[in-house]
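In terms of the working numbering, the sequence shown opens at residue 136 and continues consecutively. Report on one structure; see the data block that follows.
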Amino acid sequence: MNDPFKEIQNSPNNSNPNTSNSNHTPNQKGQFISFRQGAITTATVAFISINGLKEVGGLDSVELLAKLHSSIKSLIKTPINNQSYQGIQVLSSLLGAIILFPDSLQLDPIKLISSINSEMNFTGIPIRIGISHGDVQELVDIDGKANFIGVAINHSARLATSDKNLGLLIHDVLANHLQSKLRASHWLSAKNSNRLFIEVAGKRDEKFLCYYPPESIWPTNSQITYKYDNNFEPESKNAAIIAYDLPNFSDGDLNQLSQRFRAITDVFLALVAQTKLPLEYFYFSPGGDGGVIVLTDLEKKPVYDLAKNFAEKLTIESQNKNSLISVECRIGLHYGTILLYYNAEENLRPTGDDIFIADDLMADKEITTKGNFIFTQEFKSTVSGGDNNYFNQHFQQLPDLVFSTKSINLYAKCQNISKVSLVSFEAHQAHFRSSPVLYYFLSITNLSNLPITITHLWYQDTNSHIPVNPQS
136 MNDPFKEIQN
146 SPNNSNPNTS
156 NSNHTPNQKG
166 QFISFRQGAI
176 TTATVAFISI
186 NGLKEVGGLD
196 SVELLAKLHS
206 SIKSLIKTPI
216 NNQSYQGIQV
226 LSSLLGAIIL
236 FPDSLQLDPI
246 KLISSINSEM
256 NFTGIPIRIG
266 ISHGDVQELV
276 DIDGKANFIG
286 VAINHSARLA
296 TSDKNLGLLI
306 HDVLANHLQS
316 KLRASHWLSA
326 KNSNRLFIEV
336 AGKRDEKFLC
346 YYPPESIWPT
356 NSQITYKYDN
366 NFEPESKNAA
376 IIAYDLPNFS
386 DGDLNQLSQR
396 FRAITDVFLA
406 LVAQTKLPLE
416 YFYFSPGGDG
426 GVIVLTDLEK
436 KPVYDLAKNF
446 AEKLTIESQN
456 KNSLISVECR
466 IGLHYGTILL
476 YYNAEENLRP
486 TGDDIFIADD
496 LMADKEITTK
506 GNFIFTQEFK
516 STVSGGDNNY
526 FNQHFQQLPD
536 LVFSTKSINL
546 YAKCQNISKV
556 SLVSFEAHQA
566 HFRSSPVLYY
576 FLSITNLSNL
586 PITITHLWYQ
596 DTNSHIPVNP
606 QS
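Given below as structure tokens:
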């Protein structure tokens with residue numbers, strides 16, 4: 136049996152370029168780096184998001200991502216105030232980058248982040264940064280590369296993407312950690328009576344106390360003024376795109392997050408091994424609570440089967456498990472054009488409008504109530520085999536997904552209608568208008584899934600009824 140990890144490790148997205156030129160096409164296999172699988176590190180986490188990236192779209196959005204990562208790469212190589220930042224981890228995110236500063240390196244994260252902000256401000260790219268601090272765990276992701284999970288990453292992402300973020304938000308956890316080495320006049324110092332703070336709402340009831348610098352210290356762009364390079368031509372490919380998202384990933388402790396992360400990776404790699412799918416051209420956009428898998432060398436039918444089986448296997452894996460370790464994901468399947476860029480660690484990553492569309496499948500609140508596997512119009516004929524009657528009987532059309540100027544048709548398998556069944560009965564003699572009444576005891580299952588709410592059962596040819604308890 137083929138080793139799926141080895142195939143993925145040898146795919147182009149694991150090749151190191153000989154040059155940072157965006158037009159470079161890798162032509163040699165990269166070596167699989169050794170990991171500290173499961174290692175837990177205390178680190179400062181900076182989540183950098185390019186403001187308005189999805190709205191820009193097209194080739195321009197790819198150039199902005201590539202420019203951000205090339206700038207980070209360049210700044211890391213240049214010591215700042217005699218401090219070298221070699222050894223930090225830089226990860227890709229859908230909208231920007233994630234930088235991890237391990238405490239063991241004894242680095243000042245604010246200095247590097249300030250330099251990145253100055254560079255982006257000068258080039259006309261508006262970025263929003265959220266920074267937190269805590270334990271992160273290193274794990275091997277679906278593509279065979281190191282990824283990191285942890286509450287600090289989730290929190291920094293929440294701060295970076297908050298509508299209240301005008302440039303930089305520092306979580307109070309990190310602010311408290313840094314206090315001992317700040318002068319009283321520093322904008323982040325607790326001794327500074329002019330220190331600025333704000334509360335940012337989380338996904339649920341939690342609130343994050345954050346601090347932010349005055350605009351005079353931390354200038355930011357409100358809009359994109361970047362001068363695009365007409366010679367920038369990244370590689371593009373037609374591709375099937377599988378996006379998956381693990382709901383409520385912020386819940387639970389680090390051990391529970393780790394269990395969920397590893398289980399998803401194990402299920403996907405087992406499917407790849409069972410189906411013996413060739414993965415010569417496999418690309419991946421990682422996310423702690425999910426990711427976007429890109430397959431450029433397969434026909435639509437095997438990709439549809441892979442995505443459907445992925446959803447089903449994760450559902451089975453989650454049976455009888457507490458929600459804190461459940462791995463039942465929302466999975467979206469799309470087909471389109473992807474564009475490739477090199478990130479700060481010289482890994483080839485996919486992006487573009489169709490990557491954003493696949494990701495949006497997981498975020499639409501109305502869509503997520505229609506099942507855990509959704510696909511777009513591009514897979515309709517593949518699924519139906521050209522038989523519209525079959526398709527209409529087994530699949531339902533969902534509200535369109537609107538992305539930029541596009542309206543995308545979406546579909547999901549019809550949900551099973553719960554059945555009301557007579558499982559046992561007893562006859563009791565009673566008197567109703569001087570006539571015996573036959574009482575039937577019914578067991579009704581899954582009332583919450585019925586298209587209507589049942590509140591009472593009525594007996595035929597009588598006016599008597601009993602209330603229904605949906606929990607029974």
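C-beta: ideal position from N, C-alpha, C; glycine also.
Practice item. Output the distance between the C-alpha atoms of Ala-446 and Pro-413, rounded to the nearest integer angstrom. Key: For this step, residue 446 is matched to residue 311 along the sequence shown. For this step, residue 413 is matched to residue 278 along the sequence shown. Roughly 20 Å separates the two Cα atoms.
Exercise for review: Would you mind stating whether Val-191 and Ile-359 have Cβ atoms separated by less than 8 Å?
Suggested key: One-based indexing of the sequence shown puts residue 191 at position 56. One-based indexing of the sequence shown puts residue 359 at position 224. Yes, they are a contact pair.
Point to revise | Rounded separation between Ala-178 and Ala-287 - CA only | key: The sequence position of residue 178 within the sequence shown is 43, counting from 1. The sequence position of residue 287 within the sequence shown is 152, counting from 1. Rounded to whole angstroms, Ala-178 to Ala-287 spans 8 Å at the Cα level.
Point to revise | Sheet register partners of Asn-373 (DSSP bridge) | key: Residue 373 sits at position 238 when you count from the first residue of the sequence shown. Bridge partners of Asn-373: Thr-472.
Practice item. Return the first residue and the last residue of the alpha helix (DSSP H) that Arg-612 is part of. Key: This structure leaves residue 612 out entirely; the chain is present only between 136 and 607.
Check your understanding: Just the Cα atoms here: how many angstroms apart are Thr-296 and Glu-452?
Key -> Counting from one through the sequence shown, the residue named residue 296 turns up at place 161. Counting from one through the sequence shown, the residue named residue 452 turns up at place 317. So the two alpha carbons sit approximately 32 Å from each other.
Exercise for review: Express the C-alpha separation of Asn-252 and Ile-352 in angstroms, rounding to a whole number.
Suggested key: Your numbering for residue 352 matches position 217 in the sequence shown. Your numbering for residue 252 matches position 117 in the sequence shown. For Ile-352 and Asn-252, the distance between alpha carbons rounds to 11 Å.
Point to revise | C-alpha distance - Leu-229 paired with Asp-489, whole-angstrom precision | key: What you label residue 229 is simply residue 94 of the sequence shown in a count that begins at 1. What you label residue 489 is simply residue 354 of the sequence shown in a count that begins at 1. Going by the C-alpha atoms only, they are around 12 Å apart.
Practice item. Determine the closest residue to Pro-261 out of Asn-282, Ile-245, Gly-222 and Leu-200, with distance taken between C-alpha atoms. Key: In the sequence shown, residue 261 corresponds to position 126, counting from 1. Ranking Asn-282, Ile-245, Gly-222 and Leu-200 by Cα distance to Pro-261 puts Leu-200 first.
Check your understanding: Roughly how far, in whole angstroms, is the beta-carbon of Ala-375 from the beta-carbon of Lys-436, given that I think they are within contact range, below 8 Å?
Key -> As a working note, residue 375 is residue 240 in the sequence shown. As a working note, residue 436 is residue 301 in the sequence shown. Not a contact, Cβ separation roughly 10 Å.
Practice item. Return the residue from the list Leu-274, Ile-248, Ile-215 and Leu-406 that minimises the CA-CA distance to Ile-175. Key: Position 40 of the sequence shown, counting from 1, holds the residue named residue 175. If we check each option's Cα against that of Ile-175, Leu-274 comes out closest.
Review point. Taking the DSSP output, what are the residues bridged to Glu-273?
Key: Taking the sequence shown and counting its residues from 1, one reaches residue 273 at position 138. The partner list for Glu-273 (beta bridge, DSSP) reads Phe-283.
Check your understanding: From Ile-587 to Phe-530, what distance separates their C-alpha atoms?
Key -> The sequence position of residue 587 within the sequence shown is 452, counting from 1. The sequence position of residue 530 within the sequence shown is 395, counting from 1. Annotation note: pLDDT 45 at Ile-587 (below 50); position unreliable, no value reported.
Practice item. Less than 8 Å between the CB atoms is what I'm expecting for Phe-182 and Ala-292, so what's the real figure, rounded? Key: As a working mapping, residue 182 is identified with position 47 in the sequence shown. As a working mapping, residue 292 is identified with position 157 in the sequence shown. 5 Å between Cβ atoms; contact.
Review point. Just how far apart, CA to CA, sit Ala-493 and Asn-289?
Key: Reading the sequence shown from its first residue, position 358 is the one you call residue 493. Reading the sequence shown from its first residue, position 154 is the one you call residue 289. The alpha-carbon atoms of Ala-493 and Asn-289 are separated by roughly 21 Å.
Review point. Could you give the distance in angstroms between the alpha-carbon of Val-308 and the alpha-carbon of Arg-395?
Key: Taking the sequence shown and counting its residues from 1, the one referred to as residue 308 is at position 173. Taking the sequence shown and counting its residues from 1, the one referred to as residue 395 is at position 260. In a straight line, the C-alpha of Val-308 is about 25 Å away from that of Arg-395.
Review point. Should Pro-214 be labelled buried (16 or more other beta-carbon atoms within 10 Å of its own) or exposed?
Key: Mapped onto the sequence shown, residue 214 falls at position 79. Counting Cβ neighbours within 10 Å, Pro-214 comes out exposed, since fewer than 16 surround it.
Check your understanding: What separation, rounded to the nearest whole angstrom, lies between the Cα atoms of Val-427 and Ile-223?
Key -> Looking up residue 427 in the sequence shown gives position 292. Looking up residue 223 in the sequence shown gives position 88. Spanning the two alpha carbons is a distance of roughly 24 Å.
Practice item. Can you tell me which of Ala-479, Glu-254 and Thr-450 puts its alpha carbon nearest to the alpha carbon of Thr-355? Key: The residue given as residue 355 occupies position 220 in the sequence shown. Closest option to Thr-355, Cα to Cα, is Glu-254.
Exercise for review: Work out the CA separation of Asp-522 and Lys-338 for me, nearest whole Å.
Suggested key: The residue labelled residue 338 in the question sits at position 203 within the sequence shown. The residue labelled residue 522 in the question sits at position 387 within the sequence shown. Rounded to whole angstroms, Lys-338 to Asp-522 spans 42 Å at the Cα level.
Review point. Near Leu-406, what residues of its chain come up, given a Cβ to Cβ distance below 8 Å and the 5 sequence neighbours on each side ignored?
Key: Counting from 1 along the sequence shown, the entry for residue 406 is found at position 271. Within the same chain, Leu-406 has close Cβ partners Leu-441, Asn-444, Phe-445 and Lys-448.
Review point. Which class does Lys-362 belong to by DSSP, given the choice of helix, strand or coil?
Key: By one-based count along the sequence shown, residue 362 stands at place 227. Lys-362: coil per DSSP, three-state reduction.
Review point. If you draw a straight line from the alpha carbon of Cys-549 to that of Ala-408, how long is it in whole angstroms?
Key: On the sequence shown, position 414 is the one that residue 549 refers to. On the sequence shown, position 273 is the one that residue 408 refers to. Approximately 29 Å, taken between the alpha carbons.
**Study point:** alpha helix (DSSP H) runs wholly inside the region 422–456, at least 4 long, in chain order
**Key:** 435–452
Review point. What residue from Asn-482, Ile-245, Asp-380 and Ala-319 has the CA that sits closest to Tyr-220's CA?
Key: Translated into positions along the sequence shown, residue 220 becomes position 85. Minimum Cα distance to Tyr-220 is reached at Ile-245.
Check your understanding: Just the Cα atoms here: how many angstroms apart are Leu-331 and Glu-368?
Key -> Position 196 of the sequence shown, counted from the start, is the residue given in the question as residue 331. Position 233 of the sequence shown, counted from the start, is the residue given in the question as residue 368. Near 43 Å, if we compare the C-alpha coordinates of Glu-368 and Leu-331.
Point to revise | Contact set for Asn-256: own chain, Cβ-Cβ below 7 Å, skip 5 residues either direction | key: The residue you call residue 256 lines up with position 121 of the sequence shown. These residues qualify, in order along the chain: Pro-354, Thr-355 and Asn-356.
**Study point:** Bridge partner(s) assigned by DSSP for Asp-380
**Key:** Along the sequence shown, one-based indexing puts residue 380 at 245. BP columns for Asp-380 point to Gly-425 and Arg-465.
Review point. If Phe-514 sits next to Tyr-439, beta carbons under 8 Å apart, how far is it from one beta carbon to the other, in whole angstroms?
Key: Your numbering for residue 514 matches position 379 in the sequence shown. Your numbering for residue 439 matches position 304 in the sequence shown. Correct: roughly 6 Å between the Cβ atoms.
Exercise for review: Could you tell me which of Arg-397, Asn-217, Gly-422 and Thr-450 sits nearest to Gly-173, measuring between CA atoms?
Suggested key: Within the sequence shown, numbered from 1, the residue matching residue 173 stands at position 38. When only C-alpha atoms are compared, the closest one is Arg-397.
Check your understanding: Which one or two residues does DSSP pair with Glu-334 in a beta bridge?
Key -> For the purposes of this step, residue 334 is taken as the residue at position 199 of the sequence shown. DSSP output for Glu-334 lists Leu-344 as bridge partner(s).
Point to revise | For Thr-355, three-class secondary structure by DSSP | key: The residue given as residue 355 occupies position 220 in the sequence shown. Three-state DSSP puts Thr-355 in coil, outside helix and strand.
Practice item. Could you spell out the range, first to last residue, of the beta strand (DSSP E) harbouring Lys-541? Key: The residue you call residue 541 lines up with position 406 of the sequence shown. Element bounds for Lys-541: 541–548.
Practice item. Would you kindly work out how many angstroms separate the C-alpha atoms of Ser-249 and Pro-485, rounded to a whole number? Key: Numbered from 1 along the sequence shown, position 114 holds the residue referred to as residue 249. Numbered from 1 along the sequence shown, position 350 holds the residue referred to as residue 485. Ser-249 and Pro-485: Cα-Cα distance of roughly 27 Å.
Check your understanding: Does the separation of the CB atoms of Ile-305 and Tyr-363 fall below 8 Å?
Key -> For the purposes of this step, residue 305 is identified with residue 170 of the sequence shown, where counting begins at 1. For the purposes of this step, residue 363 is identified with residue 228 of the sequence shown, where counting begins at 1. For Ile-305 and Tyr-363, no; Cβs fall outside 8 Å.
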